[in-house]
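Asker: Residue numbers (this note's numbering): 57 to 630. Note that beta-carbon positions come from the ideal geometry of N, C-alpha and C, so glycine has one too.
#1: Relative to the C-alpha of residue 541, which residue among 511, 558, 396 and 554 is closest?
#2: Can you give the Cα-Cα distance for residue 582 and residue 573, rounded to whole angstroms?
#3: Jot down the residue ranges of each uninterrupted beta strand (DSSP E) in the segment 347 to 384, minimum 3 residues, whole runs only, in chain order.
#4: Excluding the 5 residues flanking residue 528 on each side, which residues of the same chain have their C-beta closer than 7 Å to its C-beta?
#5: Compute the Euclidean distance between the alpha carbons of residue 429 and residue 197, then round it to the nearest angstrom.
#6: Just verifying my parser: in three-state terms, what is the DSSP assignment at residue 77?
#7: Does the beta-carbon of residue 366 have 16 or more other beta-carbons within 10 angstroms, so that it is buried, or is it exposed?
#8: Return the Cβ separation of residue 586 and residue 558 in integer angstroms, given the expectation that the two are a contact with Cβ distance under 8 Å.
#9: Excluding sequence positions up to five away, which residues of its chain have a Cβ less than 8 Å from the Cβ of residue 77?
#10: Leaving out five residues before and five after residue 117 in sequence, what residues of the same chain have Cβ atoms less than 6 Å from its Cβ?
#11: If you pair each beta-carbon of the segment 296 to 311 with each one of the segment 337 to 352, do three or more pairs fall below 8 Å?
#12: Count the other CB atoms, across all protein chains shown, that sit within 10 Å of the CB of residue 465; report buried if there are 16 or more and exposed otherwise.
#13: Under the three-state reduction of DSSP, which class applies to residue 6: helix, strand or coil?
#14: Can you give me the C-alpha to C-alpha distance between residue 481 and residue 534, rounded to a whole angstrom?
#15: Counting only runs that start and end within the segment 150 to 231, where is the alpha helix (DSSP H) found for 4 or more residues in a row?
#16: Tell me whether residue 108 sits in a helix, a strand or coil according to DSSP, three-state version.
#17: Are there any heavy atoms of the ligand GDP lying less than 7 Å away from the beta-carbon of residue 478, as far as the coordinates show?
#18: Any idea what DSSP makes of residue 427, helix, strand or coil?
#19: Quick check: what's the CA-CA separation for residue 120 versus residue 127?
#20: Using only the alpha-carbon positions, how far apart do residue 404 and residue 469 sit?
#21: Taking residue 398 as the reference, which of 382, 600 and 387 has the closest Cα?
#22: Where residue 281 and residue 613 are concerned, what is the direct C-alpha to C-alpha distance, given to the nearest angstrom?
#23: Looking at the structure shown, is residue 389 part of a helix, part of a strand, or coil, going by DSSP?
#24: Would you mind working out which of 396, 369, 277 and 312 sits nearest residue 342, comparing C-alpha positions?
#25: Nearest CA to the CA of residue 531: which residue from 360, 492, 625 and 356?
#26: Is it true that the CB of residue 340 sits closer than 8 Å to the CB of residue 374?
#27: Less than 8 Å separating the beta-carbons of residue 479 and residue 431?
#28: In whole angstroms, give me the CA-to-CA distance for residue 520 and residue 272.
#29: Which of the three DSSP states is assigned to residue 89 in this structure?
#30: Measuring CB atoms only, is the segment 230 to 238 touching the segment 169 to 188, in the sense that at least three cross pairs come out at less than 8 Å?
#31: Please report the distance separating the alpha-carbon of residue 555 from that of residue 571.
#32: CA-CA distance, residue 327 and residue 597?
#33: With a Cβ-Cβ cutoff of 8 Å, do residue 505 and residue 376 count as a contact?
#34: Can a CB atom of chain C be found closer than 8 Å to the CB of residue 107?
#35: Assign residue 484 to one of three DSSP states: helix, strand, or coil.
#36: Just to check my reading of the structure: residue 157 and residue 169 have Cβ atoms closer than 8 Å, yes? What is that Cβ distance to the nearest angstrom?
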């Protein structure tokens with residue numbers, strides 16, 4: 057009647073009782089008359105005669121089928137719970153009432169960087185960031201004493217390797233006999249989510265600033281153009297030997313420094329699209345770094361891959377990024393030091409590095425490393441924010457510009473730093489699928505130009521300055537105030553057989569026809585028209601992709617006389 061597999065168990069229990077002369081308890085399955093088996097528990101012992109021989113056994117048994125079913129259910133439940141805890145993506149830890157770990161699952165071990173063996177016996181608040189450690193410790197102790205539910209909290213974790221991670225979670229009190237004996241801690245890693253939110257916030261801030269920058273840029277650069285134009289014209293008229301020439305030259309430099317500030321603000325503009333082309337980086341890196349370090353006691357060490365790919369980039373904007381980062385590095389080493397600039401090829405596969413928010417493809421990685429003071433950890437999340445600076449004379453725009461430019465190139469920029477150990481910036485720029493064009497010696501424009509130019513400019517001060525400059529460098533000039541007048545003058549000259557050699561159009565005319573509309577009408581009249589676009593809003597999409605709109609050349613205001621002379625020579629050949 058015994059279940060076959062239990063026969064041996066019962067036999068061993070009987071033998072044990074005979075040997076030990078003690079009461080034994082044994083569980084076994086016994087067949088019911090209906091054919092199914094019941095779990096039974098038997099207790100008993102043997103009775104011995106004076107000679108020490110067992111003469112009979114006294115055993116009692118009872119049906120424990122329901123108890124066994126309950127125990128099996130509990131065991132299965134515990135196994136499922138343990139499996140759930142061990143395999144859960146959420147971090148789970150169990151601490152005693154003192155706050156010491158007595159259990160943690162693999163997910164929590166991964167978040168913290170500590171293995172279960174390393175964590176056991178340590179207070180859980182040892183893994184909390186120092187900024188929150190005391191507060192969390194007091195909160196834990198208060199909950200143990202007072203009980204009650206706990207709200208979900210966001211915590212900063214300091215990992216084994218010194219990284220900061222963000223988690224959300226809540227402690228759950230564990231009771232035994234009505235008393236608190238510990239707490240369960242359940243957390244979810246939200247570090248990547250926080251990074252994405254911060255990235256989005258940065259983008260929104262930059263866009264807001266871009267609206268402001270774009271609004272003032274055109275008028276400000278027009279004013280600068282009038283100033284620069286008249287200063288340049290006056291300097292040419294009096295000559296280099298005049299006592300006032302040096303003052304005029306300094307005034308012109310100051311005006312272009314103001315232009316530089318405007319361009320930095322315009323980098324944040326929503327319309328500030330880079331004019332990308334295959335760009336050779338070795339020379340750009342050396343020129344930009346060299347320019348930033350003029351007069352500095354800091355040395356530069358270059359490590360550039362021999363087969364470095366060309367970057368798909370706007371050379372001017374990328375040069376500004378390198379200049380700004382190198383300048384920062386220089387300022388972090390007032391007693392001198394070395395900056396290392398490294399450039400290498402990098403390919404990201406579809407399942408590439410998860411910490412880089414980049415699409416798969418080829419990139420050029422540029423690393424700029426200094427041995428300076430380093431950046432305090434609490435400042436690292438803010439260094440790309442507009443106007444954030446720790447320097448008395450800093451504008452707080454340099455790194456914001458670097459961030460904005462790299463993002464507009466479809467790349468990524470990141471920083472790692474430790475106080476006393478220097479800082480490293482890593483830039484990832486999409487590689488071009490074309491080689492960078494080789495430099496060719498260009499013909500130098502003559503000192504005096506020759507030809508007939510139609511100038512359209514709505515601002516009278518800018519118009520007068522530009523006319524003076526064009527006439528002084530040898531051109532015959534006819535000016536107009538808007539696109540309608542310019543188109544009419546062009547049509548009239550064409551009809552008379554006295555066509556213009558080139559047309560310079562201001563892109564934006566408030567309340568009137570600007571350059572974008574005027575060029576369409578000019579090309580409809582004369583498909584061979586050579587039209588140049590000019591604007592104080594240098595980052596306008598039309599300026600960035602001027603050829604797509606029918607223009608032969610582009611020049612941003614304010615500009616130098618030499619820039620205008622070179623552009624006209626390139627456009628009309630004289």
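Answerer: Checking against the coordinates, here is how it stands:
#1: Taking the first residue of the chain shown as 1, we reach residue 541 at position 485. Selected option, being the one with the closest Cα: 511.
#2: What you label residue 582 is simply residue 526 of the chain shown in a count that begins at 1. What you label residue 573 is simply residue 517 of the chain shown in a count that begins at 1. So the two alpha carbons sit approximately 15 Å from each other.
#3: Runs found: 354 to 360 and 367 to 369.
#4: Taking the first residue of the chain shown as position 1, residue 528 is located at position 472. So the qualifying residues of the chain are 289 and 292.
#5: Here residue 429 corresponds to residue number 373 of the chain shown, with the count starting at 1. Here residue 197 corresponds to residue number 141 of the chain shown, with the count starting at 1. So the alpha carbons of these two residues sit roughly 39 Å apart.
#6: Numbered from its first residue, the chain shown carries residue 77 at position 21. DSSP places residue 77 in coil when its eight states are reduced to three.
#7: As a first step, residue 366 must be located in the chain shown, where it is residue number 310. By the neighbour-count rule (16 or more Cβ atoms within 10 Å), residue 366 is buried.
#8: Along the chain shown, one-based indexing puts residue 586 at 530. Along the chain shown, one-based indexing puts residue 558 at 502. Right, the Cβ-Cβ distance comes to about 5 Å (below 8 Å), so this counts as a contact.
#9: If you number the chain shown from 1, residue 77 lands on position 21. Contacts found: 101, 102 and 104.
#10: To locate residue 117, count along the chain shown from 1; it is residue 61. Cβ within range, chain order: 96 and 98.
#11: no
#12: For the purposes of this step, residue 465 is taken as residue 409 along the chain shown, with counting starting at 1. With 16 or more Cβ atoms within 10 Å of its Cβ, residue 465 is classed as buried.
#13: Since the displayed the chain opens at 57 and closes at 630, residue 6 lies outside it and no answer follows.
#14: Counted from its first residue, the chain shown places residue 481 at position 425. Counted from its first residue, the chain shown places residue 534 at position 478. Roughly 51 Å separates the two Cα atoms.
#15: 162 to 168, 172 to 175 and 186 to 202
#16: As a working note, residue 108 is residue 52 in the chain shown. Residue state, collapsed to three classes: coil.
#17: Absence of the ligand GDP from the depicted structure is noted, as is the absence of any ligand whatsoever, leaving it without description.
#18: To locate residue 427, count along the chain shown from 1; it is residue 371. If DSSP states are grouped into helix, strand and coil, residue 427 belongs with coil.
#19: One-based indexing of the chain shown puts residue 120 at position 64. One-based indexing of the chain shown puts residue 127 at position 71. Near 11 Å, if we compare the C-alpha coordinates of residue 127 and residue 120.
#20: The count along the chain shown starts at 1 and reaches residue 404 at position 348. The count along the chain shown starts at 1 and reaches residue 469 at position 413. Roughly 15 Å separates the two Cα atoms.
#21: Sequence index remark: in the chain shown, residue 398 carries index 342 (1-based). From the listed residues 382, 600 and 387, the smallest Cα separation to residue 398 is found for 382.
#22: Stepping through the chain shown from its first residue, residue 281 is reached at position 225. Stepping through the chain shown from its first residue, residue 613 is reached at position 557. Approximately 6 Å, taken between the alpha carbons.
#23: Taking the chain shown and counting its residues from 1, the one referred to as residue 389 is at position 333. In this structure, residue 389 counts as coil in the three-state DSSP scheme.
#24: The count along the chain shown starts at 1 and reaches residue 342 at position 286. Cα-wise, what sits closest to residue 342 is 396.
#25: Indexing the chain shown from 1 puts residue 531 at position 475. Nearest of 360, 492, 625 and 356 to residue 531, Cα basis: 625.
#26: By 1-based counting over the chain shown, the position of residue 374 is 318. By 1-based counting over the chain shown, the position of residue 340 is 284. The answer is yes: Cβ separation under 8 Å.
#27: Here the question's residue 479 lines up with position 423 in the chain shown. Here the question's residue 431 lines up with position 375 in the chain shown. Closer than 8 Å, so yes.
#28: The sequence position of residue 520 within the chain shown is 464, counting from 1. The sequence position of residue 272 within the chain shown is 216, counting from 1. Cα to Cα, the separation comes out at about 22 Å.
#29: Within the chain shown, numbered from 1, the residue matching residue 89 stands at position 33. In the structure shown, residue 89 sits in coil (DSSP, three-state: anything other than H, G, I, E or B).
#30: Counting Cβ pairs under 8 Å, fewer than three are found: no touch.
#31: Along the chain shown, read from residue 1 onward, the residue named residue 555 stands at position 499. Along the chain shown, read from residue 1 onward, the residue named residue 571 stands at position 515. Taking C-alpha positions only, residue 555 is separated from residue 571 by approximately 19 Å.
#32: To locate residue 327, count along the chain shown from 1; it is residue 271. To locate residue 597, count along the chain shown from 1; it is residue 541. Residue confidence for residue 327 is low, a pLDDT of 47 falling below 50, so the modelled location carries little weight; the figure read from the coordinates is stated next. When rounded, the distance between both Cα atoms is 6 Å.
#33: Locating residue 505 in the chain shown gives position 449, counting from the first residue. Locating residue 376 in the chain shown gives position 320, counting from the first residue. No, the Cβ-Cβ distance between residue 505 and residue 376 is not below 8 Å.
#34: Of the protein chains in the structure, only one exists, and it is not chain C.
#35: Your numbering for residue 484 matches position 428 in the chain shown. Residue 484: strand per DSSP, three-state reduction.
#36: Here residue 157 is taken as the residue at index 101 of the chain shown, counted from 1. Here residue 169 is taken as the residue at index 113 of the chain shown, counted from 1. Actually they are not in contact, since the Cβ atoms of residue 157 and residue 169 sit about 14 Å apart, beyond 8 Å.
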